[in-house]
Amino acid sequence: MRLSRYFLPVLRETPAEAQIASHRLMLRAGMLRQEAAGIYAWLPLGHRVLRKVERIVREEMDRAGAIELLMPTLQLADLWRESGRYDDYGAEMLRITDRHQRELLFGPTNEEMITEIFRAYIRSYRDLPKNLYHIQWKFRDEQRPRFGVLRGREFLMKDAYSFDLDVGQGRAAYNRMFVAYLRAFARMGLKAIPMKAESGPIGGELSHEFIVLAKTGESAVFLDRRMLDLPIPGDDLDYDGDLAGLVDAWTCHYAATDDVHDAARYERETAAEDRMSARGIEVGQTFFFGDKYSAPMKATVSGPDGVDRAVQMGSYGVGISRLVGAIIEASHDDAGIIWPEPVAPFGVEILNLRPGDAAVDAACDESYGALTAAGKEPLLDDTGERPGGKFATADLIGLPWQLIIGPRGLAEGSVELKRRATGERRSLPLDDALRAICG
RNA sequence: CGGAGUGUGGCUCAGUCUGGUAGAGCACCGCGUUCGGGACGCGGGGGUCGCAGGUUCGAAUCCUGCCACUCCGACCA
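Just so you know, we're using the numbering used here here: the first sequence kicks off at 18 and counts up by one.
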């Protein structure tokens with residue numbers, strides 16, 4: 018992409034509304050525009066990151082055997098009356114009335130709807146297990162939206178729902194999602210630690226929150242620091258195998274958010290030198306809640322014995338839009354964002370320090386072509402802005418590489434290559450720089 | 001939902017106390033000089049001062065009501 022043709026409205030000054038780093042940087046980097054409290058338009062740069070996060074989550078869901086569908090944002094109130102949650106949910110649920118005075122709601126989650134879909138088609142244990150998911154915008158009318166996309170009212174969420182014949186198979190389904198989450202967050206460059214959690218309005222007894230450690234996190238967390246070094250399951254993981262051992266390895270150490278923290282247990286189970294307190298941002302949560310929805314909503318299947326029984330269910334959420342903010346909280350400096358490569362909006366920024374200079378233009382065009390062909394998604398700053406401004410913008414939007422091409426270096430046959438994460442810069446011939454980027 | 005604030009050009013803000021016909025910096029447009037870490041000169045465009053009433057000869061400024069947004073707390077993916 019050529020910056021001169023792109024839409025990247027960067028702000029030199031920090032908008033007064035933004036308090037925390039990710040919100041401030043998303044506004045300054047031209048990723049996001051607030052349209053109302055907790056409701057945002059995703060500008061092109063932000064949208065690219067959102068899509069990359071979404072893609073990683075989708076790939077890991079598919080790999081774990083989940084099946085994608087798409088449910089609507091609006092749901093009938095009657096559906097929620099079946100589970101009893103219509104009245105329980107309170108003012109956080111945005112209620113809407115259509116022209117026929119039918120009561121609708123903007124979905125804050127989809128347990129009821131997926132259960133309704135499941136029960137309409139699935140009758141036999143032979144059709145189990147099933148895990149259905151979608152990636153859709155949700156709305157929760159927070160009393161106090163804040164922190165930009167970390168706590169918006171409208172947010173993009175992946176939510177998956179598992180259906181199994183019995184508790185044992187339900188647990189196995191839970192384990193598959195648990196492991197898929199470890200992989201998905203790690204692929205985004207995040208350390209996400211599963212922690213024992215309250216299940217809140219979703220219900221159930223077995224639940225984990227996946228918490229990204231970041232200095233500016235919303236809640237205090239306490240954990241065994243040995244969890245930070247646990248290995249992430251590799252591409253060769255067999256989701257049809259028994260994952261219980263893997264899940265045990267990730268849940269046998271103490272890790273809890275402050276709302277469920279048990280100081281006495283913490284001290285009993287964790288050696289003093291392994292105790293670690295930090296701050297964290299929740300980016301996903303898994304629930305196993307059995308027949309909480311399937312029983313009242315009569316989602317039953319016939320078992321091998323011919324007897325109908327309510328299916329065992331779990332649900333598994335990932336805050337896609339929230340993750341974009343969480344990644345920035347975990348990875349930025351005073352100059353701007355530092356994107357992990359897998360979620361960077363573009364792979365490399367080429368800075369043309371002197372548009373109009375034939376040699377510089379030619380070197381930039383050559384680089385742009387080569388990097389595009391190599392799938393590196395280059396962003397070429399070919400604008401008339403002065404070099405200082407280009408450097409500042411490049412650091413702000415934080416692409417992993419900066420390829421700096423100007424007349425001074427080119428006269429000596431070299432360009433400059435900068436690694437955003439480390440700040441390391443070196444001068445080298447263009448071909449070598451391109452090779453280094455393409456790795 | 002309690003408490004505290006803020007709404008003035010695209011952004012950051014001054015002006016409000018003490019009423020007199022709207023400013024600065026940045027950004028934007030034109031010309032020129034510049035050009036490797038947010039340049040400079042000259043010229044220029046852009047604002048029903050959140051909205052609605054009211055007081056007054058006159059309201060960004062005073063009064064009343066409303067709306068929006070932000071922060072602290074409670075709450076929450």
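C-beta: ideal position from N, C-alpha, C; glycine also.
So alanine 81 and tyrosine 191 are in contact, right, with Cβ under 8 Å, and what is the actual spacing, rounded? Not a contact, Cβ separation roughly 11 Å.
Specify, as a first and last residue, the run of the alpha helix (DSSP H) that proline 313 falls within. From DSSP, proline 313 is part of no alpha helix (DSSP H); its letter is neither H nor E.
Are the CB atoms of tryptophan 509 and leucine 167 nearer to each other than 7 Å? Here the chain has residues from 18 to 456 only, and residue 509 is not among them.
Using 8 Å for Cβ pairs, my map puts histidine 225 next to arginine 243. What's the rounded Cβ distance? So it is not a contact: roughly 17 Å between Cβ atoms.
Pairwise C-alpha distance: alanine 83 and lysine 315: 23 Å
Starting from proline 404 and walking both ways along the alpha helix (DSSP H), at which residues does that stretch end? 404 to 414
By Cβ distance, which residues of its chain are closer than 7 Å to leucine 62, with the 5 residues on each side in sequence left out? Leu25, Ala46, Gly47, Met48, Pro362 and Ile414
Exposed unless 16 or more other CB atoms sit within 10 angstroms - verdict on isoleucine 56: exposed
Work out the CA separation of glutamate 159 and glycine 373 for me, nearest whole Å. 51 Å
If you count every other CB in all the chains shown that lies within 10 Å of the CB of glycine 342, and 16 or more means buried, which is it? buried
With DSSP as the reference, label arginine 170 as helix, strand or coil. coil
In angstroms, rounded to a whole number, what distance separates the CA positions of arginine 116 and glutamine 92? 15 Å
Where glycine 251 and arginine 200 are concerned, what is the direct C-alpha to C-alpha distance, given to the nearest angstrom? 8 Å
Consult DSSP for lysine 435 and reduce its assignment to one of helix, strand or coil. strand
Beta-carbon separation (whole angstroms), leucine 420 vs leucine 434, contact threshold 8 Å: 6 Å
Just to confirm the assignment, what range does the beta strand (DSSP E) spanning tyrosine 150 have? 147 to 156
Under 7 Å between the Cβ atoms of alanine 58 and arginine 50? yes
Is the segment 393 to 406 in contact with the segment 354 to 368, if contact means three or more CB pairs nearer than 8 Å? yes
Answer with buried or exposed for valine 277, where buried requires no fewer than 16 other C-beta atoms within 10 angstroms of its C-beta. exposed
What distance in whole Å lies between the Cβ atoms of glutamate 128 and serine 332, which are believed to be in contact at a cut-off of 8 Å? 6 Å
Hey, leucine 388 and isoleucine 454 are a contact pair by Cβ (cut 8 Å); roughly how many whole angstroms apart? 7 Å
Grab me the residues of leucine 111's own chain with a C-beta within less than 6 Å of its C-beta, minus the 5 sequence neighbours each way, in chain order. Phe123, Phe156 and Asp158
Note the first and the last residue of the continuous alpha helix (DSSP H) segment covering proline 61. 61 to 80
At least three beta-carbon pairs within less than 8 Å, the segment 305 to 322 to the segment 178 to 189: yes
Leucine 86 classed as buried or exposed, judged by whether at least 16 other C-beta atoms fall within 10 angstroms: exposed
Residues near phenylalanine 195 by beta carbon distance below 8 Å, same chain, minus five either side: Pro211, His225, Leu260, Val264, Trp267 and Thr303
Given a cut-off of 7 Å on the beta-carbon distance, is the pair alanine 209 and valine 238 in contact? no
Which residue's Cα is closest to the Cα of arginine 140: Asp275, Ala327 and Phe306? Ala327
Chain-order list of residues whose beta-carbon lies under 8 Å from that of glutamate 171 (same chain, five-residue window excluded): Gly55, Ile56, Tyr57, Trp154, Lys155 and Phe156
Grab me the residues of alanine 214's own chain with a C-beta within less than 8 Å of its C-beta, minus the 5 sequence neighbours each way, in chain order. Ser224, His225, Glu226, Thr274, Val277 and Gln302
I'd like to check one pair, alanine 33 with arginine 41: are the Cβ atoms closer than 7 Å? no
Look up glutamate 235 in the DSSP assignment and say whether it is helix, strand or coil. coil
Minimum C-alpha distance to leucine 245 - residue among Tyr310, Leu44 and Ala295: Ala295
Quick one, which of Asp448, Arg75 and Met43 has its alpha-carbon nearest leucine 60's? Met43
Endpoints, alpha helix (DSSP H) assigned at leucine 263: 261 to 268
Just checking my contact of lysine 175 with valine 74 at CB under 8 Å: how many whole Å lie between their CB atoms? 5 Å
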